[in-house]
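This report concerns only the one structure given below.
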């Protein structure tokens, strides 16, 4: 009880209500364990079903608006995402529980309707007793009225006393039925041939075609409003996550497109550079081959000129040698003739001998 009062004072007056005016207040951090994580995310489910059948009891954590504001302004982080996960898990568990209750309620209605179609055996025993008491009371009231009309006061008083006893018994039986819960209400309605339905939000039984005031009371009740708020909060968070996932996928797709285009540009640049290098290499090779061809031609020309010079020299040498030889022969012939002319007798002597 003391903790609840302290928590209430903290929420109303702040956590620093007992702080000395000259002292510095402790800085609030939404990640402190004393703050309710559900309240920081959206709301605390413990506050939705107070004094109802789905009451979750008092929350043990502190609900602080300043911490909630800091939580909303904080950037996404691991602990913040964990708080959101815990909130969604808690709310989803409560919704799943009431959904199971809705399914069971529908099955119960189908079973009661099938029994009702068979006739009176499907009517609960307590309701049969109520119907019997109602018939007896109505009958005694009519007999008492007839006795009073005839002037038989004693008989009329006796009949009314019996009627009062039956009414007390009927009220006692009705109180017992009310204490049995919502399922008995459905059975009574079915026995009275009233069409029932199950609320798709909170699982409560509703009478089809009931008075608008009763329908409005149900729709504005804590239990219906609480479960409606839970469902809406979970749907909103799932939708937000879906949009964030779509945005993340689109952003990743754009980044992949940028990377792909950059890769294509790099490949094109590399290809152009490679082609340029190839062209340079081919040009270098071509120039080299051209130089080699030119050098070869020069060498060929030089070689050919040298060969011609050598041939010319050889021809000249040959002609010179032949000329020289011819001149020598001529000189030799002239000398013989001279010698022959100078010694005529020697030849004759030789001949005679």
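In our numbering, the protein residues as written are 1 to 353. Every residue gets a Cβ at the ideal spot worked out from N, C-alpha and C, and that includes glycine.
Roughly how many angstroms lie between the CA atoms of residue i and residue j, to the nearest whole one?
i, j, result
"residue 263", "residue 292", "42 Å"
"residue 102", "residue 71", "35 Å"
"residue 148", "residue 215", "44 Å"
"residue 52", "residue 202", "12 Å"
"residue 255", "residue 76", "21 Å"
"residue 217", "residue 131", "29 Å"
"residue 270", "residue 278", "12 Å"
"residue 163", "residue 204", "36 Å"
"residue 268", "residue 261", "10 Å"
"residue 96", "residue 168", "43 Å"
"residue 257", "residue 246", "16 Å"
"residue 238", "residue 174", "46 Å"
"residue 274", "residue 252", "32 Å"
"residue 295", "residue 272", "34 Å"
"residue 290", "residue 265", "36 Å"
"residue 84", "residue 242", "14 Å"
"residue 209", "residue 220", "18 Å"
"residue 286", "residue 280", "10 Å"
"residue 100", "residue 114", "21 Å"
"residue 212", "residue 206", "12 Å"
Which of the three DSSP states, helix, strand or coil, is assigned to residue i?
i, result
"residue 198", "strand"
"residue 207", "strand"
"residue 43", "coil"
"residue 62", "strand"
"residue 90", "helix"
"residue 71", "helix"
Starting from the Cα of residue i, find the closest Cα among the options and give me that residue.
i, options, result
"residue 105", "159, 200 and 234", "200"
"residue 94", "56, 155 and 133", "56"
"residue 227", "82, 34, 135 and 98", "98"
"residue 39", "266, 59 and 242", "59"
"residue 155", "141, 173, 272 and 167", "141"
"residue 65", "230, 44, 107 and 84", "44"
"residue 82", "239, 31, 225 and 129", "31"
"residue 88", "236, 100, 295 and 290", "236"
"residue 128", "100, 170, 157 and 84", "170"
"residue 107", "198, 283 and 282", "198"
Could you check whether residue j and residue i sit closer than 7 Å to each other, using their CB atoms as the reference points?
i, j, result
"residue 233", "residue 79", "no"
"residue 159", "residue 144", "yes"
"residue 62", "residue 90", "no"
"residue 109", "residue 196", "yes"
"residue 28", "residue 74", "no"
"residue 136", "residue 166", "yes"
Near residue i, which residues of its chain fall below 8 Å by C-beta distance, leaving aside the five closest residues on each side in sequence?
i, result
"residue 50", "222"
"residue 230", "45, 48, 91, 94 and 95"
Excluding five sequence neighbours on each side, which residues of the same chain lie with their C-beta closer than 7 Å to the C-beta of residue i?
i, result
"residue 86", "37"
"residue 153", "none"
Tell me which residues share the same chain as residue i and place their Cβ nearer than 6 Å to its Cβ, disregarding the 5 neighbours each side in the sequence.
i, result
"residue 259", "none"
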